[in-house]
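Participant: Here it is, the structure in full.
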Amino acid sequence: MMNKAGWTVCLATLTSFATIAGEWEIEAGGFFSRTDTKLNAYDPYLDQIRTIDFESDLDLKEFTVLPYVEVEYYFNKKHSVYVDWRSLHREATRTAVTKPFEVTVDGTTYAVQAGSKLTTELNIDIARLGYGYQFYTSDKWAVDVLAGLHVMWLSLGLDGKLGAKASGVDEFPVMFVDETVLSDVTAPLPDLGIRAEYSLNQDWILKSHAQVFYLAVDDIEGYLLEVDFGAKYLFTDQFSMTGSFNYYEVGVDYESDNSALDVTYRFYGPMLTLAYKF
1 MMNKAGWTVC LATLTSFATI AGEWEIEAGG FFSRTDTKLN AYDPYLDQIR
51 TIDFESDLDL KEFTVLPYVE VEYYFNKKHS VYVDWRSLHR EATRTAVTKP
101 FEVTVDGTTY AVQAGSKLTT ELNIDIARLG YGYQFYTSDK WAVDVLAGLH
151 VMWLSLGLDG KLGAKASGVD EFPVMFVDET VLSDVTAPLP DLGIRAEYSL
201 NQDWILKSHA QVFYLAVDDI EGYLLEVDFG AKYLFTDQFS MTGSFNYYEV
251 GVDYESDNSA LDVTYRFYGP MLTLAYKF
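Right, here's the structure in full:
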């Protein structure tokens with residue numbers, strides 16, 4: 001699996017093809033979203049896998065504002081490359097856990113008992129790198145096909161009195177744990193999509209895009225789904241503002257001899273961004 005340094009090198013390499021003749025566009029803003037994050041974990045009492053909802057079961061904040069940044073380079077009217085990033089970092093304390101669960105990471109199994117007090121820290125960052133090709137244009141329409149990669153960094157921290165045992169040990173010694181039990185889990189996976197813009201007049205443009213992919217290779221299974229629809233207002237040829245509704249979902253299922261992870265991250269709501277082209 002690729003680490004952050006490797007992903008950074010990949011981004012720098014693929015974007016180094018830009019030449020002076022092209023145009024840059026930087027877009028930044030906020031996503032006023034409702035968030036839903038789920039973890040499939042083992043329930044020792046029911047002896048089965050159950051879903052832990054970080055918002056309802058562990059009290060992580062459900063409504064939040066997420067930062068969003070996208071940089072796109074246009075080689076010409078038909079070809080472009082882009083990279084975007086969004087982030088959600090949260091922490092909350094549940095005074096009495098109602099759903100016991102176990103999660104195994106790097107050969108250590110962490111057991112959260114029913115009724116225990118637990119502080120959970122969950123940090124998720126998602127980045128995408130892609131290429132766009134504009135295959136259809138007219139006086140009103142511009143339609144691009146998109147292809148690229150997405151990667152998710154996930155950090156899970158637990159703080160509380162819970163059991164922790166190494167692989168091959170039968171007993172769960174109860175101890176106070178205050179550590180990041182899972183960090184830098186990344187899964188670079190491809191995605192495909194389409195982007196369309198319709199010009200209403202000189203100032204207003206309707207825009208929409210959709211991206212989706214599913215892939216299962218070796219120990220990694222993942223998917224991405226995004227749908228966006230909105231309107232862009234052009235203050236000038238270089239400066240614009242976009243308001244849209246966005247639905248975004250990404251899932252990662254990773255299993256190895258020492259770790260098991262099955263996380264679904266979903267958020268949806270209005271987004272407002274400002275963009276500058278130069």
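The opening residue of the sequence shown carries number 1 in the numbering used here; numbering runs sequentially from there.
C-beta atoms are modelled at their ideal positions from N, C-alpha and C, and glycine is treated no differently.
For L215, collect the residues of the same chain with a Cβ closer than 8 Å to its Cβ; drop the 5 residues on either side in sequence, then sort them by chain order.
Facilitator: Answer for L215: L189, P190, E221, G222 and Y223, listed in chain order.
Participant: Is the beta carbon of G115 less than 8 Å from the beta carbon of G130?
Facilitator: Their beta carbons are not under 8 Å apart, which means G115 does not touch G130 by this criterion.
Participant: If I measure Cβ to Cβ from Y136 and keep anything under 7 Å in the same chain, skipping five residues before and after, which residues do I get?
Facilitator: These residues qualify, in order along the chain: V143.
Participant: Buried or exposed for L154, please, with buried defined as at least 16 other CB atoms from any protein chain shown within 10 angstroms of its CB.
Facilitator: Buried, by the Cβ-count rule.
Participant: Does DSSP classify T95 as helix, strand or coil?
Facilitator: Correct three-state label for T95: coil.
Participant: Keeping to the same chain, check which residues put their C-beta closer than 6 Å to that of N246; ignore five residues upstream and five downstream.
Facilitator: Correct list, in chain order: D228 and M271.
Participant: For K38, tell me which candidate among L58, N201, I26 and G269 has the shortest Cα-Cα distance.
Facilitator: Nearest of L58, N201, I26 and G269 to K38, Cα basis: L58.
Participant: For F278, which residues from the same chain have a beta carbon less than 6 Å from its beta carbon, with the 5 sequence-adjacent residues on both sides left out?
Facilitator: Result list for F278: W24, in chain order.
Participant: Does the beta-carbon distance from G230 to S240 come in below 8 Å?
Facilitator: Contact: no.
Participant: How big is the Cα-Cα spacing for F267 and W85?
Facilitator: For F267 and W85, the distance between alpha carbons rounds to 14 Å.
Participant: CA-CA distance, E226 and R90?
Facilitator: Taking the straight line joining both Cα atoms gives about 22 Å.
Participant: Whole angstroms are fine: how far does the CA of N123 sit from the CA of V71?
Facilitator: Cα to Cα, V71 sits roughly 23 Å from N123.
Participant: With DSSP as the reference, label N201 as helix, strand or coil.
Facilitator: Reduced to three states, the DSSP call for N201 is coil.
Participant: Quick one: what's got a C-beta closer than 6 Å to I26's C-beta in the same chain, skipping five residues either side?
Facilitator: Within the same chain, I26 has close Cβ partners V71 and Y276.
Participant: What first and last residue would you give for the beta strand (DSSP E) that runs through L122?
Facilitator: That run of the beta strand (DSSP E) goes L118 to T137.
Participant: What separation, rounded to the nearest whole angstrom, lies between the Cα atoms of I194 and D139?
Facilitator: Going by the C-alpha atoms only, they are around 19 Å apart.
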